[in-house]
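In this note's numbering, the protein residues as written are 2 to 500.
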C-alpha cells in the first residue's frame with residue numbers, strides 16, 4: 002500500500018541533514034537485534050511468527066536512534082517463515098518490525114537465514130530448519146554436511162545438493178530464490194528506504210563456509226583445526242569425478258586421511274604439519290582447490306539466482322508511490338538495495354604456514370596462496386557486499402600457541418576488497434564493551450591506513466542489542482558518538498529495558 006509521505010520525507014530530511022554535517026564519510030553503525038526478536042507463538046494449535054516483545058523492542062529502537070545508530074540487522078529465519086509447508090510464507094512479524102523501524106527512522110539489514118540457530122558462539126535460542134526440510138533429511142540424510150566419521154550436521158544444507166530437486170520437487174537454490182522473492186514481495190513498500198541490504202545466508206551462522214568447527218555439539222573447541230566436511234554422497238561423487246579428470250582416481254575416495262580431527266593442532270597431523278605437511282603436495286593442492294572451488298561456486302550459484310530476483314523487484318532506478326494528505330500520490334526515487342554475504346573470521350592458525358582453520362572452513366588461504374581474491378572476484382560479478390566477522394579482536398589478546406591474527410586477516414581482506422572494488426563491512430564476533438575492543442573496532446573503521454581518505458569499512462554491524470548493551474550504555478553511546486565523528490550531545494538518561 003502507498004507509504005505515508007510524511008514518514009518518507011522524514012527519512013529524506015534526516016539524510017540531507019546528515020550530508021550537510023559531513024556525515025557522508027562516516028561509517029554507519031547498525032545493531033544486531035536478538036536472535037529471537039521474531040518468535041513462534043502457539044494460538045489454537047497453530048504456530049505463527051510474532052514479535053516477541055513489541056513494546057520493549059520499540060523503546061529500544063528509540064534509544065538506538067537517539068544515540069546515533071543508523072539501522073538494525075535482523076535474521077529472517079527460514080525455519081520461522083516457511084516452517085509449515087514448502088512455499089507457504091508468513092512475513093507478518095517482519096512487516097511489523099519494518100514499520101517500527103521506519104517510524105523510528107532506522108534502516109534494516111535483512112539477513113536471509115537459511116541456517117539453524119543454537120549451535121554457534123553466542124546462540125541462546127534454538128531455531129531449527131523448517132520441519133518439512135528436516136523430514137526430507139530423515140529420508141535423505143546426504144542433504145546435510147557430513148564429516149569423516151559420518152556425523153551429519155542439520156544446521157544447514159550441503160552445497161553438494163544445490164542443484165538436486167531434493168526439497169519436494171525444488172532444488173535448494175530454487176528454494177532460497179523463492180524465499181527471497183517472497184520476502185521482497187511482502188516488504189515492497191519498505192525496499193530502498195528502510196531495507197538497505199539483503200544479506201544471503203550461504204552456510205552455518207549465515208557465513209559462506211563449511212561447518213568445520215561445530216562448537217555447539219561439543220565436537221570442536223578453540224583453537225582446533227576443524228575437519229573437512231565433504232563426506233555426503235553428493236560431494237563424494239563430485240570429488241570422484243574430479244579426481245578421474247586429473248588422472249588420479251585414487252584421490253577421489255574422500256578427504257585427506259591424515260588431517261587429524263576437530264581439536265588437533267597442525268603439528269599433530271600429517272596434512273597440516275608445519276615442515277612436512279602434505280597440503281603442499283600435488284594431491285594437497287588438488288583437494289584444497291576442489292574443496293574451496295565448490296564453496297565459491299555455491300556462493301556464485303545462490304547469488305546469481307538471488308541477485309536476479311533483487312534486480313527484478315528492486316531495480317536501480319526504483320521509485321516509491323507516496324500518499325499525500327489530499328489523497329493524491331507522489332513518486333519518490335529510492336536507493337539501491339544491496340545484496341551481501343558474510344565471510345567468517347577464522348583467525349586461528351593464521352600465522353602458521355598452512356592456515357589450517359581456514360582450509361577446513363573452505364578458504365584456500367595459506368602463507369603462499371591468497372584464498373580470498375577468488376571470493377572477491379566472484380562477488381564482483383554480482384556487485385555484492387562482503388560482511389566480515391571479528392573486527393573487535395586484537396592479535397595480542399589471543400593465545401600465542403594458536404598463532405592467531407584477526408588483525409592480519411582483516412588487513413588482507415581490506416586489501417583484497419579494495420583491489421576488486423568490493424564494499425567491505427564489519428561485525429564484531431563477541432559482545433564486548435571494553436575500551437580495547439571498542440578502540441579496535443573504531444581503528445578498523447577509521448584507521449590510519451584508510452585508502453583515498455575513505456573509511457576502510459563501509460558499515461559496522463554491532464553485536465548485539467540486549468540487556469548487556471543497556472548495562473554498558475555509557476560506553477556504547479560514547480562509542481557511537483566517536484563512530485559518527487561528532488562530539489556527543491548531553492547524554493539522555495537511559496533505563497534498563499528488558500529485551
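All residues carry an ideal CB built from backbone N, CA and C; glycine is no exception. Computed from a prediction, not measured in an experiment: that's the story for all the values here.
Straight-line gap, residue i to residue j (C-alpha atoms, nearest Å)
i, j, result
"residue 434", "residue 358", "27 angstroms"
"residue 48", "residue 94", "12 angstroms"
"residue 266", "residue 282", "20 angstroms"
"residue 171", "residue 89", "14 angstroms"
"residue 355", "residue 318", "46 angstroms"
"residue 181", "residue 278", "43 angstroms"
"residue 271", "residue 258", "9 angstroms"
"residue 451", "residue 411", "Only weak support is given to the placement of residue 451: the predicted model assigns it a pLDDT of 46, under 50, and the value that follows is read from those uncertain coordinates. Going from the Cα of residue 451 to the Cα of residue 411 covers about 13 angstroms."
"residue 153", "residue 374", "31 angstroms"
"residue 401", "residue 106", "45 angstroms"
"residue 67", "residue 134", "42 angstroms"
"residue 286", "residue 381", "25 angstroms"
"residue 419", "residue 28", "16 angstroms"
"residue 478", "residue 280", "47 angstroms"
"residue 205", "residue 157", "6 angstroms"
"residue 1", "residue 15", "The first residue shown for the chain is 2 and the last is 500, placing residue 1 beyond what the model contains."
"residue 492", "residue 388", "Only weak support exists for where residue 492 lies, its pLDDT of 40 falling under 50; the coordinates are left without a value."
"residue 330", "residue 320", "12 angstroms"
"residue 53", "residue 303", "31 angstroms"
"residue 431", "residue 328", "49 angstroms"
"residue 447", "residue 168", "45 angstroms"
"residue 132", "residue 215", "22 angstroms"
"residue 224", "residue 476", "30 angstroms"
"residue 148", "residue 352", "26 angstroms"
"residue 472", "residue 166", "49 angstroms"
"residue 111", "residue 264", "34 angstroms"
"residue 449", "residue 383", "Here residue 449 scores only 49 on pLDDT, less than 50, and its place in the model is too uncertain to base an answer on."
"residue 189", "residue 322", "11 angstroms"
"residue 439", "residue 482", "12 angstroms"
"residue 96", "residue 295", "35 angstroms"
"residue 360", "residue 56", "45 angstroms"
"residue 145", "residue 100", "36 angstroms"
With 16 other Cβ atoms within 10 Å as the buried cut-off, status of residue i
i, result
"residue 393", "buried"
"residue 316", "exposed"
"residue 174", "buried"
"residue 480", "buried"
"residue 485", "buried"
"residue 86", "exposed"
"residue 465", "buried"
"residue 397", "exposed"
"residue 368", "exposed"
"residue 220", "buried"
"residue 275", "exposed"
"residue 245", "exposed"
"residue 109", "buried"
"residue 254", "exposed"
"residue 2", "Note that residue 2 scores 48 on pLDDT, short of 50, meaning its location in the model is unreliable; the coordinates nonetheless yield the value given after this. It counts as exposed."
"residue 197", "buried"
"residue 268", "exposed"
"residue 178", "buried"
Start-to-end residues for the alpha helix (DSSP H) that takes in residue i
i, result
"residue 474", "474-484"
"residue 1", "Since the first and last residues shown for the chain are 2 and 500, residue 1 lies out of range."
"residue 442", "436-447"
"residue 79", "79-82"
"residue 297", "283-314"
"residue 409", "407-421"
"residue 361", "357-362"
"residue 50", "No alpha helix (DSSP H) contains residue 50, which is instead part of the beta strand (DSSP E) from 47-52."
Beta-carbon proximity of residue i to residue j, cut-off 8 angstroms
i, j, result
"residue 377", "residue 437", "no"
"residue 338", "residue 467", "no"
"residue 142", "residue 117", "no"
"residue 34", "residue 77", "no"
"residue 58", "residue 38", "yes"
"residue 365", "residue 293", "yes"
"residue 92", "residue 187", "yes"
"residue 273", "residue 226", "yes"
"residue 185", "residue 290", "no"
First and last residue of the uninterrupted beta strand (DSSP E) at residue i
i, result
"residue 369", "Per DSSP, residue 369 belongs to no beta strand (DSSP E) and is neither H nor E."
"residue 146", "145-147"
"residue 157", "153-158"
"residue 387", "386-390"
"residue 111", "108-114"
beta-carbon residue i near the ligand NAP non-hydrogen atom, thresh 7 angstroms
i, result
"residue 290", "This structure does not include the ligand NAP; it has no bound ligands of any sort."
Quick check: the stretch 457-468 against the stretch 426-442, are at least 3 beta-carbon pairs closer than 8 angstroms?
yes
Would you call the stretch 329-349 and the stretch 206-218 in contact, with 3 or more CB pairs under 8 angstroms?
yes
Report yes or no: do three or more beta-carbon pairs, one from the stretch 66-83 and one from the stretch 300-315, lie closer than 8 angstroms?
Not touching, per the Cβ criterion.
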